[in-house]
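Note that the working numbering gives residue 96 to position 96 of the sequence shown, counting from 1, and the numbers run on in steps of one.
A short worksheet on the structure shown next.
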Amino acid sequence: MFNTLITLYRDNPREGRLCAFIALGFLAIYFIPAGTGRFDNAVLEAVYLTNWYAREHVILCLLPAFVIAGAMAVYISQGSVMRYLGPDASRPVALGVASVSGTLLAVCSCTVLPLFGGIYKRGAGLGPAIAFLYSGPAINIIAIVVTSKVLGAEIGIARGVGAIVFAIVIGLIMHVIYRREESERALNSKRGFGAADDDKPLSITVGFFALMIGILVFANWASVPDSPAWMAIYQAKWIITALLAAAFGGLLIWQWHWSIHQIATLAAIVVLAAVIFPQYPQLAFAIGVIGLMMIALSRSEDREWVTQSWDFTKQILPLLVMGVFIAGLLLGRPGHEGLIPNEWVEAAVGDNSLTSTALASVLGAFMYFSTLTEIPIVEALMGAGMGKGPALALLLAGPALSLPNMLVIRTVIGTQKTLVYCALVIVMATLSGFVYGNYQ
């Protein structure tokens, strides 16, 4: 019988894989431990986490990120990308620009993905694109400051230095490993770009993206009660976001020749929604972003912006939601358990050994952290006995990676490069945490 199955698979491997997938799916459903307390609670935690993610991140984080990524693919001069971030660009310049650009975003591991896909698709080299991918969520200046205040200046400085070094070293290693492939890609890119480059002055293009990124950053400005300055901005974040949006609308009218009537009508609808539903600022924000895309869709010269944004959305969003659900099923929400008991985690990372540090890196790589949430989680784990080495390893690996993040990166750069990138982050976080925990 087995010989017959092997022969069938050899003759038609596609049907054989489909049959195996169906069989494995059936067995998984058949033996699922439904009705047991831990499993039912884990499913509920997965639903809660996915619901929280949809409420807190899809509208305010991902929606503008998709729009920005689509704009990158259309309005950024490919020649400029190739000059500063391309495979043939100067390594120090490319990695430095990518790291600094990522640092200014202060976004989570999922929100940075459309932006990473945008610059990579536009021609950025693998090394600079990876440095940007890591630095966006990892080298968050405010997160490093808050880490120093909550967990101590020593671990805050270690996190800051480690994250900066990681972004540059990991990007450089990825470039070296895939340098031949990147050289071929650079050659193909040179043949393909030129005529489609935008003719807008550099200052206008920079202002265009700076305003959109400012809207993304301030709309997601988190509450940090221990910082008065931070809280002052938090209290005024929607006013700042509205002013940036107004400036962005003015720029579209001035340089892109959008209709004043259309922009004014959209602004009036957004303000009306904010006045009627002040408790739901996400509604006004969503109306503004979707309305912007509807206006772009009505203009033949800007329709490609919508097309590119939609391409990123349909490629990335389903994988992110699926990844968040699985992460919630396995690890639960902060303060709640999934299938893996919290006491297992606490016991596994309770000292500064290499094993504990490696486990902290792996767990951090698969968990999902929104911006700044990793700090109270690590604080709680350290209170339960977590060593300083594993704590630093989790802070270096956790914000930059997550299961949803990995699933999406694979669709952009492929399975092999994704595995190499994830392995580099985990290994470097482990070694850094181990050295810090034992030789500080």
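Beta carbons: idealized from backbone N, C-alpha and C, even for Gly.
Below 9 Å between beta carbons: does that hold for E337 and N41?
Yes, the pair counts as a contact, with Cβ atoms nearer than the cut-off.
Distance check for T265 and V324, CA to CA, integer angstroms please.
When rounded, the distance between both Cα atoms is 37 Å.
Which residues in the same chain have their Cβ closer than 7 Å to the Cβ of G194, if we skip the five residues on either side of it in sequence?
Low local confidence applies: a pLDDT of 44 at G194 is under 50, so the model's placement there is unreliable, with the coordinate-based value given in what follows. If we look at G194 and ignore the five residues flanking it on each side, it has no Cβ neighbours.
Whole angstroms is fine: what's the gap from D197's alpha carbon to L320's?
Low confidence applies here, because D197 scores a pLDDT of 48, under 50, leaving its location unreliable and the question unanswered by this model.
If contacts are defined as beta-carbon pairs under 8 Å, then I263 and I253 qualify, I think. What distance do you get, rounded to the angstrom?
Rounded, the Cβ-Cβ distance is 6 Å, consistent with contact.
Given a threshold of 16 other Cβ atoms within 10 Å of its Cβ, counted over all protein chains shown, does R122 qualify as buried or as exposed?
Classification for R122: buried.
Quick one: measure Cβ to Cβ for G364 and E45, integer angstroms, because I've assumed they're closer than 8 Å.
That belief does not hold up - the Cβ atoms of G364 and E45 are roughly 18 Å apart, past 8 Å.
Cα separation between A73 and H257?
So the alpha carbons of these two residues sit roughly 20 Å apart.
Is there contact between the region 239-254 and the region 215-229, where contact requires at least three CB pairs shorter than 8 Å?
Yes, since at least three Cβ pairs between the region 239-254 and the region 215-229 fall closer than 8 Å, the two stretches touch.
From what residue to what residue does the alpha helix (DSSP H) around M72 run?
Where M72 is concerned, the enclosing alpha helix (DSSP H) stretches over L63 to Y75.
Excluding sequence positions up to five away, which residues of its chain have a Cβ less than 6 Å from the Cβ of I375?
Here the set comprises V146, T147 and V150.
In three-state DSSP terms, what is K200?
Coil.
What is the DSSP secondary structure of P376, reduced to helix, strand or coil?
Reduced to three states, the DSSP call for P376 is helix.
Starting from S148 and walking both ways along the alpha helix (DSSP H), at which residues does that stretch end?
Unbroken alpha helix (DSSP H) run through S148: I141 to L151.
For C110 versus V435, is the C-beta distance shorter than 9 Å?
Going by C-beta atoms, C110 is not nearer than 9 Å to V435.
Could you check whether T430 and L354 sit closer than 9 Å to each other, using their CB atoms as the reference points?
Result yes, Cβ atoms of L354 and T430 sit closer than 9 Å.
Tell me whether V349 sits in a helix, a strand or coil according to DSSP, three-state version.
Coil at V349, not helix or strand.
To the nearest angstrom, report how far apart D88 and S183 are at their CA atoms.
In a straight line, the C-alpha of D88 is about 7 Å away from that of S183.
Quick check on the DSSP output: the alpha helix (DSSP H) that includes S80 runs from which residue to which?
Here the alpha helix (DSSP H) through S80 covers Q78 to L85.
By how many angstroms is the C-alpha of M82 removed from the C-alpha of P465?
The chain is shown only over 1 to 440; residue 465 falls outside these bounds and no answer can be derived.
Apply the 10 Å Cβ neighbour rule to A397 and answer buried if 16 or more other Cβ atoms are within range, or exposed otherwise.
By the 10 Å Cβ count, A397 comes out buried.
When you compare each of W238, L211 and I68 to W221 by their alpha carbons, which one comes out closest?
Checked all of W238, L211 and I68; the closest Cα to W221 is W238.
Residue range of the alpha helix (DSSP H) that P137 falls in?
Its alpha helix (DSSP H) spans residues L126 to A138.
S361 lies in the alpha helix (DSSP H); which residues open and close that run?
Its alpha helix (DSSP H) spans residues L354 to F366.
Under DSSP, the alpha helix (DSSP H) around N41 begins and ends at which residues?
Counting along the chain, the alpha helix (DSSP H) containing N41 begins and ends at G37 to Y53.
Which word fits K388, buried or exposed, when buried means at least 16 other C-beta atoms lie within 10 angstroms of its C-beta?
Result: buried.
Going by DSSP in three states, T111 sits in which element: helix, strand or coil?
Of the three classes helix, strand and coil, the one that applies to T111 here is coil, per DSSP.
Hey, could you find the ends of the alpha helix (DSSP H) H261 is sitting in?
Per DSSP, H261 belongs to the alpha helix (DSSP H) from I260 to I276.
Hey, would you say L392 sits closer than 9 Å to V425, going by beta carbons?
Taking 9 Å as the Cβ cut-off, L392 and V425 do not qualify as a contacting pair.
Return helix, strand or coil for V412, following the three-state DSSP convention.
In this structure, V412 counts as helix in the three-state DSSP scheme.
What are the boundary residues of the alpha helix (DSSP H) that I32 is part of?
No alpha helix (DSSP H) holds I32; DSSP gives it neither H nor E.
Taking the straight line between their C-alpha atoms, what separation do you get for A423 and A360?
Looking at the two C-alpha atoms, the distance is approximately 14 Å.
Please tell me whether F366 and P114 are closer than 9 Å, where the distance is taken between their beta carbons.
Taking 9 Å as the Cβ cut-off, F366 and P114 do not qualify as a contacting pair.
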